[in-house]
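Novice: Next up is a structure, given as structure tokens.
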Amino acid sequence: MSEINYNAPSEVKELNIINTIELEDMAGEIVPHGGFNYMAGGSGDEFTLRRNVECFNYKGILPRVAANVEFPDTHTRIFEHELKVPFIMAPIAAHGLAHESKEAGTAKGIAEFGGSLMSISAYSGASFEEIDAGLGDTPRWFQIYMSKDDELNKNILDEAKKDGASAIILTADATVSGNRDRDDKNQFVYPFGMPIVSRYLTGTGANMSLNNIYGQSKQKIDLDDIRFIKEYSGLPVFLKGVQTPEDAIAGIANGADGIWVSNHGGRQLDGAPGSFEVLEEIAEAVAGRVPIVFDSGVRRGEHIFKALASGADIIAIGRPVLFSLALGGWKGVKSVFEYFEKDLQRVMQLAGTQTIADVKNARLKDLK
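Residue numbering for the sequence shown is 568 to 935, as defined by our numbering.
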């Protein structure tokens, strides 16, 4: 096989976004296929990848009319952060596959939008310092992939805390890589280094395969890791990758300060249900004891609304942000955040909901 071209786009421009579903095809026209398939693809037959989006169709919004709603208020709060919207950037690796500005471009777009939050992946292709240059004072959380060496974990947590992370996201659903057919066919490797976790990789992380990287990370993730991170860092800890009420309950019992409902965007265990399909029963088990973050499959304001109405407190958005980064750099990221804000406001007004609290009390109808 000939060497794969990973040269990412560099253009910076505002985007006129009609819907985010079209962004994927548009990004696929300009991002080299190796990088694009890594971003867009899922595991196995991609059943769960597709199901994540499709399953939003199985619930309908029951609108209230004559509800005296003219200017819906999307403001909300998570821990100490007052946000102007109930959605944030999900932690995603290797933004440099989408755009030459890497995570620094994403960070600047989020900062220019204002009033949201960035989740920084341990597998970022940019350093904390490079991300800070774009992010400024915007709040950030840090997603950790655990090393097998707790001293290295402590070192990474020290750096994340020094960088200003206000919460740690423990990714528990990625102890090995999912069976990613697209990446295997492309013989995909990360073309650049991973500055944050390079201390526990062989070399910098550049030109390493997914299996190699995961193989050097900790596979035996357990509930004790929640306590370890929380006690060492002193920061709130999210347990990410939760798909069952039992794991949510166990996570809270072992110190989790938040539950992150996610199936890794359909990139890990194929054959799992769509993330939205399991949200409501997890929210019932959590019963408001800790906040719930939800991701996987969000493409429209209706999806954000439905997830909030099903028990989520914050929605994390992934691929649409990467595709917008590819198409327009930091201005593209700002554009997609503006799209979701306006689309959510439209849905809120049509549904007769003035505030996010009203959205969370809205009724959905089972359409199955």
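Think of the CB as a built atom: it goes at the ideal place given N, C-alpha and C, for glycine as much as any other residue.
Do the CB positions of residue 683 and residue 890 come within less than 8 Å of each other?
Specialist: By 1-based counting over the sequence shown, the position of residue 683 is 116. By 1-based counting over the sequence shown, the position of residue 890 is 323. Contact: no.
Novice: Less than 8 Å between the C-beta atoms of residue 817 and residue 777, yes or no?
Specialist: The count along the sequence shown starts at 1 and reaches residue 817 at position 250. The count along the sequence shown starts at 1 and reaches residue 777 at position 210. For residue 817 and residue 777, no; Cβs fall outside 8 Å.
Novice: At 3 residues or longer, and completely inside the segment 591 to 666: list those beta strand (DSSP E) runs for me, N to C.
Specialist: Whole beta strand (DSSP E) segments, 3+ residues: 626 to 628, 643 to 645, 648 to 650, 654 to 656.
Novice: For residue 753 and residue 601, which I take to be in contact (beta-carbon distance under 8 Å), what is that distance rounded to the nearest angstrom?
Specialist: The sequence position of residue 753 within the sequence shown is 186, counting from 1. The sequence position of residue 601 within the sequence shown is 34, counting from 1. Indeed they touch by this definition, with Cβ atoms about 5 Å apart.
Novice: Can you tell me which of 723, 598, 804 puts its alpha carbon nearest to the alpha carbon of residue 857?
Specialist: Stepping through the sequence shown from its first residue, residue 857 is reached at position 290. The shortest Cα separation from residue 857 among 723, 598, 804 belongs to 804.
Novice: Taking 7 Å as the limit between beta carbons, can you name the residues of its chain near residue 569, skipping five residues before and five after?
Specialist: For this step, residue 569 is matched to residue 2 along the sequence shown. Its pLDDT being 47, under 50, residue 569 is placed unreliably by the model, and the measurement read from it follows with that caveat. There are no such residues.
Novice: Determine the extent of the beta strand (DSSP E) in which residue 883 is found, giving its start and end residues.
Specialist: In the sequence shown, counting from the first residue as 1, residue 883 sits at position 316. It spans 881 to 884 - the beta strand (DSSP E) in which residue 883 sits, taken as one unbroken run.
Novice: On the DSSP letters alone, give me the boundaries of the beta strand (DSSP E) that residue 738 sits inside.
Specialist: The residue given as residue 738 occupies position 171 in the sequence shown. Taken as a continuous stretch (DSSP letters only), the beta strand (DSSP E) holding residue 738 covers 735 to 738.
Novice: Within a Cβ cutoff of 7 Å, which residues of the same chain sit near residue 794, ignoring the five residues on either side of it in sequence?
Specialist: For the purposes of this step, residue 794 is taken as residue 227 along the sequence shown, with counting starting at 1. Excluding sequence neighbours, residue 794 sits near 821, 822.
Novice: Apart from the five residues on each side of it in sequence, which residues of its chain come closer than 6 Å, Cβ to Cβ, to residue 925?
Specialist: Indexing the sequence shown from 1 puts residue 925 at position 358. Nothing listed; no residue qualifies.
Novice: Locate the beta strand (DSSP E) running through residue 686, then write down its first and last residues.
Specialist: The residue given as residue 686 occupies position 119 in the sequence shown. 685 to 688 is the extent of the beta strand (DSSP E) around residue 686.
Novice: Would you say the beta carbon of residue 912 is closer than 7 Å to some non-hydrogen atom of the ligand GDP?
Specialist: As for the ligand GDP, it is missing from this structure, which has no ligand bound.
Novice: Strictly by DSSP, which residues pair up with residue 828?
Specialist: In the sequence shown, the residue the question calls residue 828 occupies position 261. 809, 861, per the DSSP bridge assignment.
Novice: Which residue wins for smallest C-alpha separation from residue 881, given the options 919, 894, 846, 611?
Specialist: In the sequence shown, the residue the question calls residue 881 occupies position 314. It is 846.
Novice: So what's residue 671 in DSSP terms, helix, strand or just coil?
Specialist: Residue numbering aside, residue 671 sits at position 104 when the sequence shown is read from its first letter. It is helical.
Novice: When you compare the segment 830 to 844 with the segment 861 to 875, are there three or more beta-carbon pairs, one atom per stretch, that lie closer than 8 Å?
Specialist: The segment 830 to 844 is in contact with the segment 861 to 875.
Novice: Does DSSP put residue 912 in a helix, a strand or coil?
Specialist: Your numbering for residue 912 matches position 345 in the sequence shown. Residue 912: helix per DSSP, three-state reduction.
Novice: Which residue's Cα is closest to the Cα of residue 884: 615, 827, 907, 656?
Specialist: For the purposes of this step, residue 884 is taken as residue 317 along the sequence shown, with counting starting at 1. Ranking 615, 827, 907, 656 by Cα distance to residue 884 puts 656 first.
Novice: To the nearest angstrom, report how far apart residue 581 and residue 716 are at their CA atoms.
Specialist: On the sequence shown, residue 581 is found 14 positions in, with the first residue counted as 1. On the sequence shown, residue 716 is found 149 positions in, with the first residue counted as 1. Cα to Cα, the separation comes out at about 43 Å.
Novice: Please report the residue range of the alpha helix (DSSP H) in which residue 716 lies.
Specialist: Looking up residue 716 in the sequence shown gives position 149. Note, residue 716: premise wrong, no alpha helix (DSSP H); not H, not E.
Novice: Taking the C-alpha atoms as reference points, what is the distance between residue 731 and residue 617?
Specialist: Here residue 731 refers to the residue found at position 164 of the sequence shown. Here residue 617 refers to the residue found at position 50 of the sequence shown. Roughly 35 Å separates the two Cα atoms.
Novice: Quick one, are the C-beta atoms of residue 576 and residue 597 less than 8 Å apart?
Specialist: For the purposes of this step, residue 576 is taken as residue 9 along the sequence shown, with counting starting at 1. For the purposes of this step, residue 597 is taken as residue 30 along the sequence shown, with counting starting at 1. Cβ atoms of residue 576 and residue 597: closer than 8 Å.
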